[in-house]
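Residue numbers (my numbering): 173 to 384. A virtual CB, placed ideally from N, CA and C, is assigned to each residue, including glycine. In this text the structure is predicted, and so the values were computed from the model without any measurement.
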Ligand SMILES: [Ca+2]
Ligand SMILES: [Ca+2]
């Protein structure tokens, strides 16, 4: 909570400084049983492999925190992303942050999250992950545009560099804002700004008293 408030303060300061602050991500609030993280869909403007999407997601920031391809580690997180983003998404599929490191046993072994979070919850569409054709080593999530309703919001393993068919490389970003721990210099920036604002307010009040 403190970190979320801090991140909001930093975002306000950054927007004051004229830098871009994304406005689209949706929060999964702690008050609603969430993790305080924010999520958004990115519709790409040119074909984007999973590897490019992973890098792009990490270059995006929201409330001062870098993003990453979404890691969906519980049914509750899956439900939140599905209901709020994927269910009515404009594209068929979106990259998420799951992959098989080189040398993983096929067709379905060795899966990991890019953040290193424990691999326990999965939500594969049947019969995925099938490594068909061979070389499918990353994951994507289906929207409701997929032909089989049983696959809505579920995952497929796909080729990370394969952009065949309807796959253009859209992706889901997660900003782990509630986990974010500010650096000493960032706390200093906030403290200094609050000090300047307080001094300015005092000065204004004094002028009013003198002119009254
Ligand atoms: Ca996650
Ligand atoms: Ca597959």
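Subject >> Proximity test, residue 207 beta-carbon vs ligand 1 heavy atom, cut-off 8 angstroms >> reply: yes
**OP:** Within its chain, find whatever has a CB closer than 6 angstroms to the CB of residue 316; leave out the 5 residues flanking it on each side and keep chain order.
**Re:** 259 and 324
Original post:
Contact check, residue 243 vs residue 289 under 8 angstroms by CB: the rounded distance?
Top reply: 5 angstroms
Original post:
Pairing CB atoms from the region 343–351 with CB atoms from the region 294–304, are three or more of them under 8 angstroms?
Top reply: no
Subject >> beta-carbon residue 348 near ligand 1 non-hydrogen atom, thresh 8 angstroms >> reply: yes
Subject >> Cβ neighbour criterion (16 or more within 10 Å) applied to residue 332 >> reply: buried
**OP:** Please check the pair residue 270 and residue 310, which I expect to be a contact at CB under 8 angstroms, by giving their CB distance rounded to whole angstroms.
**Re:** 7 angstroms
**OP:** Out of 201, 362, 308 and 291, state which residue places its alpha-carbon closest to the alpha-carbon of residue 336.
**Re:** 308
Original post:
Are any of the Cβ atoms in chain B nearer than 9 angstroms to that of residue 318?
Top reply: The displayed structure is made up of one protein chain only, and chain B is not part of it.
Original post:
What does the shell around ligand 2 hold, if a residue joins when its beta-carbon is under 7 angstroms from any heavy atom?
Top reply: 300, 301, 302, 303, 304, 308, 328, 329 and 330
**OP:** Measuring alpha carbon to alpha carbon, tell me which of 252, 371 and 296 ends up nearest residue 209.
**Re:** 252
**OP:** Measure the C-alpha to C-alpha separation of residue 284 and residue 256 and round it to an integer number of angstroms.
**Re:** 24 angstroms
**OP:** Would you check if the distance between the CB atom of residue 245 and the CB atom of residue 293 is smaller than 9 angstroms?
**Re:** yes
Original post:
Where residue 274 and residue 241 are concerned, what is the direct C-alpha to C-alpha distance, given to the nearest angstrom?
Top reply: 19 angstroms
Original post:
Can the beta-carbon of residue 338 be found less than 9 angstroms from the beta-carbon of residue 320?
Top reply: no
Subject >> Three-way DSSP call (helix, strand, coil) for residue 303 in this model >> reply: coil
**OP:** Could you please give the first and the last residue of the uninterrupted beta strand (DSSP E) stretch that includes residue 329?
**Re:** 327–330
Original post:
What's the call for residue 237, buried or exposed, on a 16-neighbour Cβ count within 10 Å?
Top reply: buried
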